[in-house]
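A short write-up of the structure that comes next.
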Amino acid sequence: MVTLEAAARIIQKPENETRVQTQKVPESDLFDEKELFGIQAGQYLKKSRNRILADIEELTRGNRWDDIISLYHPAEEKIPELVQAGMDLRVREKAAFALGQVRQFDEAIKVLKGCVKLEPDNFYSRASLAYTAYNSLYAAKNKEIFLAGNSRVERIALAHENFQKAQSLRPSGVTNFYRQAMLYSQIENKPKPALVLFNTACSNWENLSEKEQARRHQEKKNYIKSLYRSASLLLNAGNGFAALEQIKKCLEQDEKTNTVDLGFKYFALGKVNFHIDDYQKARDALLFALQSSPAGKPVDFIYELLARTYLAMGKTDRALEAIGKVPERARRPYYRWTEADVLCSAGRYEHAKKVLLDVVSRDKRSRHISLLRLAKIDYTLKSWEYAAQYAKKAVAFFREKWGNAYYEGLFWQALCTFKSGRVKESESLLIELEDQCRFFPKLDRLATMIRGTAK
Numbered sequence: 000m001v002t003l004e005a006a007a008r009i010i011q012k013p014e015n016e017t018r019v020q021t022q023k024v025p026e027s028d029l030f031d032e033k034e035l036f037g038i039q040a041g042q043y044l045k046k047s048r049n050r051i052l053a054d055i056e057e058l059t060r061g062n063r064w065d066d067i068i069s070l071y072h073p074a075e076e077k078i079p080e081l082v083q084a085g086m087d088l089r090v091r092e093k094a095a096f097a098l099g100q101v102r103q104f105d106e107a108i109k110v111l112k113g114c115v116k117l118e119p120d121n122f123y124s125r126a127s128l129a130y131t132a133y134n135s136l137y138a139a140k141n142k143e144i145f146l147a148g149n150s151r152v153e154r155i156a157l158a159h160e161n162f163q164k165a166q167s168l169r170p171s172g173v174t175n176f177y178r179q180a181m182l183y184s185q186i187e188n189k190p191k192p193a194l195v196l197f198n199t200a201c202s203n204w205e206n207l208s209e210k211e212q213a214r215r216h217q218e219k220k221n222y223i224k225s226l227y228r229s230a231s232l233l234l235n236a237g238n239g240f241a242a243l244e245q246i247k248k249c250l251e252q253d254e255k256t257n258t259v260d261l262g263f264k265y266f267a268l269g270k271v272n273f274h275i276d277d278y279q280k281a282r283d284a285l286l287f288a289l290q291s292s293p294a295g296k297p298v299d300f301i302y303e304l305l306a307r308t309y310l311a312m313g314k315t316d317r318a319l320e321a322i323g324k325v326p327e328r329a330r331r332p333y334y335r336w337t338e339a340d341v342l343c344s345a346g347r348y349e350h351a352k353k354v355l356l357d358v359v360s361r362d363k364r365s366r367h368i369s370l371l372r373l374a375k376i377d378y379t380l381k382s383w384e385y386a387a388q389y390a391k392k393a394v395a396f397f398r399e400k401w402g403n404a405y406y407e408g409l410f411w412q413a414l415c416t417f418k419s420g421r422v423k424e425s426e427s428l429l430i431e432l433e434d435q436c437r438f439f440p441k442l443d444r445l446a447t448m449i450r451g452t453a454k
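By the count of numbering that gives the first Met the number 0, the sequence shown reaches residue 454 at its end, each step adding exactly one.
Below is the structure:
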């Protein structure tokens, strides 16, 4: 039997036994060796990276691009521990985006090329590089930066290469198809491949389940913009009824969000209806576009098409009223061309000529259009010689400005020269036009007139 005294000795700790002490991290240090070099090191670095990404996200919300750059670029200097651990890629991508926002495109592209080299199949790096290259081309188009010659060609190729790679990595996406379509249409002026890509962006979104659309809701805005842009390209290609379907779908899908300005959408609807000769619907859409446009925003393009719509409806007075809504000093050349057409419709030819001569004196880019309109007015007035001279000036200006023959100008120069009695000279002009544009509208009839007289 164990006595109480023995039991006491069992549970009693020896007085002279040394207590095992847990090693403490010196107060002057923040981390022990396990945290810095052991299993926990990776966890610390992940937390550090996540904190940095959260910080960048917060700075991005405030458009504080310079702060992002100063804190995290270049990565080798600002986040060396993440670089050494190979955990710096997302931070580099974010810094590159900030560089692009302050128009440091070359540096941004350099950073992103490095990311792509490290991970060639990284969707985010590819998409970011494509977007940055595309954005730099847009900045050059808007004269914010200079990019021309081989540099521009190489930048376009870089954008296409990375858009295509990003699309192959996520073939059901919307944004990269939309952006490459914009590259084709707005930068390269290539509507056919652009339309294919806009349509792909649209079908990709429409093929997603409701659950997937909800999860990828941020891409819907580019679906809506693809509908809007494709409608414009379809109209320009002469497919007005297909364009009408697209712009109607755009209005329906964008009803609650107004991703595309309401005034722009109804202007587009009016333009499509105008081109398919549904003038009443065109007028109604254009009037609503005016009503929907925010105060202070330009609306001259809406009034110009409204004037043309009234003109097509035979309502010259209403067309003149629409033209008068924009102050004369603010009327751009295209607006004044329509103004001249409306004045001619009202029989006010001399006033129309005065308007066009004013444009000729100011317009250094599209002067040939005003000159040819002057030729047509004098042709109508049977002032053949004046008409021929205006057409001649239009042809000369176009050739000097753009380095090409102006086919419509040559046609009218030949016609008016013939009407003024200079048959041989008109035949020389006719031959020049036949050599360069054999199937110009009514060219055969003009040839019959001139050569029939020459015989």
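Note that CB positions come from ideal geometry on N, CA and C, so glycine has one too.
Proximity test, Cβ basis, 7 Å: residue i and chain D
| i | result |
| --- | --- |
| G262 | Looking for chain D here will not work: only one protein chain is present. |
Cβ-Cβ separation, residue j to residue i (assumed contact under 8 Å), whole Å
| i | j | result |
| --- | --- | --- |
| Y302 | K324 | 5 Å |
| L128 | L88 | Their Cβ separation, rounded to whole angstroms, is 13 Å, which puts L128 and L88 out of contact at 8 Å. |
| A94 | V115 | The Cβ separation is near 15 Å, so there is no contact. |
| L310 | S344 | 6 Å |
| Y227 | A200 | That belief does not hold up - the Cβ atoms of Y227 and A200 are roughly 11 Å apart, past 8 Å. |
| P190 | L234 | About 11 Å; that fails the 8 Å criterion. |
| A213 | A230 | 26 Å between Cβ atoms; not a contact. |
| L81 | R48 | 6 Å |
| T315 | V341 | 7 Å |
| I67 | I55 | 6 Å |
Three-way DSSP call (helix, strand, coil) for residue i in this model
| i | result |
| --- | --- |
| K77 | helix |
| R450 | helix |
| Y405 | coil |
| K270 | helix |
| Q83 | helix |
| C436 | coil |
| E380 | It is worth fixing the name first, because residue 380 is Leu in this sequence and not Glu. Three-state DSSP puts L380 in coil, outside helix and strand. |
| G113 | helix |
| I275 | coil |
| H367 | helix |
| E56 | helix |
| N49 | helix |
| N134 | helix |
| Q103 | coil |
| G262 | helix |
| E424 | helix |
| R63 | coil |
| K391 | helix |
| K441 | coil |
| P192 | helix |
Among the options, nearest to residue i - alpha-carbon criterion
| i | options | result |
| --- | --- | --- |
| T131 | R154, F122, K314 and N121 | R154 |
| C436 | N403, R450, K164 and K248 | N403 |
| L261 | A107, L98 and F287 | F287 |
| A456 | E431, L355 and Y43 | The displayed coordinates of the chain run from 0 to 454. Any statement about residue 456 would go beyond what the structure contains. |
| Y71 | G61, R60 and R50 | R50 |
| L182 | A241, Y123, A306 and L157 | L157 |
| F263 | P293, K392 and I108 | P293 |
| N149 | K191, Y385 and L136 | L136 |
| Y361 | Y389, N235 and R335 | The question names Tyr, but residue 361 is Arg in the sequence shown. Looking at the Cα atoms, R335 is the closest of the given residues. |
| E426 | L445, P440, F438 and K352 | L445 |
| P256 | D277, E218 and L268 | Inspection of the sequence shows that residue 256 is occupied by Thr rather than by Pro. Checking every option, the nearest Cα to that of T256 belongs to E218. |
| N272 | E244, N121, A386 and L168 | E244 |
| T379 | A393, L356, K418 and N62 | K418 |
| G237 | Y222, I275, L250 and H216 | I275 |
| I368 | S382, K296, L428 and Y389 | Y389 |
Buried versus exposed, by CB contacts within 10 Å (16 or more), residue i
| i | result |
| --- | --- |
| Q279 | exposed |
| W401 | exposed |
| I430 | exposed |
| S208 | exposed |
| T447 | exposed |
| F240 | exposed |
| S69 | exposed |
| G408 | buried |
| E205 | exposed |
| Q179 | buried |
| Q103 | buried |
| V101 | exposed |
| K142 | exposed |
| R364 | exposed |
| L58 | buried |
| R282 | buried |
| D253 | buried |
| T452 | exposed |
- Item | Within the stretch 136–177, ranges of the alpha helix (DSSP H) (whole runs, at least 4 residues) | Unbroken alpha helix (DSSP H) runs of no fewer than 4 residues, entirely contained in the stretch 136–177, are found at 148–168, following chain order.
- Item | Unbroken stretches of the alpha helix (DSSP H), 4 residues or longer, contained in the stretch 198–255 | 209–214, 219–235 and 239–252
- Item | Within the stretch 281–327, ranges of the alpha helix (DSSP H) (whole runs, at least 4 residues) | 299–311 and 315–322
- Item | Every unbroken alpha helix (DSSP H) inside the stretch 322–361 [4 residues or more] | Given a length threshold of 4 residues, each whole run of the alpha helix (DSSP H) inside the stretch 322–361 is given here in chain order: 332–344 and 348–361.
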